[in-house]
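As numbered in our numbering, residues 494 to 702 make up the sequence shown, in order. One structure below.
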Amino acid sequence: MIVTGLRKIERWVVAIAIIANVSGAFVLLTLVAIMNVDVVSRNLFNAPFRGVVEVVIFSLALIVFLQLPDVVRTGRLTRSDGFLGLLRSRSPRSGAALSRVLDGVACVFMCLIVWTVWPEFTESFESCHFFTPPEFGPEPTGNLWADFRTGLARCDYFGTPGILQAPWWPVRLAIAFGCAWAAILFFFKAVLGDAQGPRHVTAQSSGEV
């Protein structure tokens, strides 16, 4: 009964991981489009896209951590598993047990990352004062869109003033979400086993010579 309930919850967790992966793919496509615009405008019109470096940094963080949970789900997370593969081939039960232990350890490490990043996210989000009276600047007017734009100007940001600035909290939220969801998936792998089965990417299977 407990296992059945966990399997049902796991399906919802997997669905959200897939949605996050698709969202990361859209961010990647947007980044490719921006870089192409920069190349064309730089070479044809001598007018490079201002802030392309900041956009790349911002986008890469979103892409990596939005797609992290689905990478964990499919067993494609980069790791050195030569010993584990050898153990699985000689003793499948011992290999499966060690794999669960490693997934449990990975779950703990992901939780530690979330525990570290979450206070940074809350601090950077609260610096915008979306829902609290600001320490400086105009008071909220009641117009949600106007107050939101005003709050964004107060946010803790990264970038170059006068070129491109972006608030830190979306990136930190993506890091916290990606690591938290990866921790949940590692938890299910440790408790229920890896439904995807062992995956070993080699030069032959990837088509490399």
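Think of the CB as a built atom: it goes at the ideal place given N, C-alpha and C, for glycine as much as any other residue. Since we're looking at a predicted model, the values are computed, not measured.
Which class does residue i belong to by DSSP, given the choice of helix, strand or coil?
{"i": "residue 540", "result": "coil"}
{"i": "residue 694", "result": "The predicted model places residue 694 with a pLDDT of 43, which falls under 50 and marks its position as unreliable; any figure quoted below should be read in that light. DSSP places residue 694 in coil when its eight states are reduced to three."}
{"i": "residue 685", "result": "helix"}
{"i": "residue 497", "result": "helix"}
{"i": "residue 561", "result": "helix"}
{"i": "residue 652", "result": "strand"}
{"i": "residue 660", "result": "strand"}
{"i": "residue 583", "result": "helix"}
{"i": "residue 523", "result": "helix"}
{"i": "residue 600", "result": "helix"}
{"i": "residue 531", "result": "helix"}
{"i": "residue 511", "result": "helix"}
{"i": "residue 622", "result": "coil"}
{"i": "residue 701", "result": "Confidence at residue 701 is low in this model, with a pLDDT of 38, below 50, so the placement of that residue should be treated as unreliable; the coordinate-derived value is given next. If DSSP states are grouped into helix, strand and coil, residue 701 belongs with coil."}
{"i": "residue 613", "result": "helix"}
{"i": "residue 568", "result": "coil"}
Hey, residue i and residue j are a contact pair by Cβ (cut 8 Å); roughly how many whole angstroms apart?
{"i": "residue 548", "j": "residue 524", "result": "7 Å"}
{"i": "residue 607", "j": "residue 673", "result": "5 Å"}
{"i": "residue 651", "j": "residue 661", "result": "6 Å"}
{"i": "residue 517", "j": "residue 560", "result": "4 Å"}
{"i": "residue 665", "j": "residue 598", "result": "Incorrect: roughly 24 Å between the Cβ atoms, too far for contact."}
Under 8 Å between the Cβ atoms of residue i and residue j?
{"i": "residue 558", "j": "residue 659", "result": "no"}
{"i": "residue 656", "j": "residue 544", "result": "yes"}
{"i": "residue 621", "j": "residue 683", "result": "no"}
{"i": "residue 669", "j": "residue 555", "result": "no"}
{"i": "residue 679", "j": "residue 603", "result": "yes"}
{"i": "residue 686", "j": "residue 593", "result": "yes"}
{"i": "residue 623", "j": "residue 644", "result": "yes"}
{"i": "residue 647", "j": "residue 627", "result": "yes"}
{"i": "residue 580", "j": "residue 591", "result": "yes"}
{"i": "residue 562", "j": "residue 639", "result": "no"}
Just to confirm, does residue i get its C-beta within under 7 Å of one of the non-hydrogen atoms of the ligand PLP?
{"i": "residue 654", "result": "Here there are no bound small molecules, and the ligand PLP is not part of this structure."}
Taking the beta carbon of residue i as the centre, do at least 16 other beta carbons fall within 10 Å, making it buried, or is it exposed?
{"i": "residue 671", "result": "buried"}
{"i": "residue 510", "result": "buried"}
{"i": "residue 569", "result": "exposed"}
{"i": "residue 541", "result": "exposed"}
{"i": "residue 526", "result": "exposed"}
{"i": "residue 578", "result": "exposed"}
{"i": "residue 616", "result": "exposed"}
With a cut-off of 8 Å, do at least 3 Cβ pairs link the segment 533 to 542 to the segment 570 to 580?
Touching, no.
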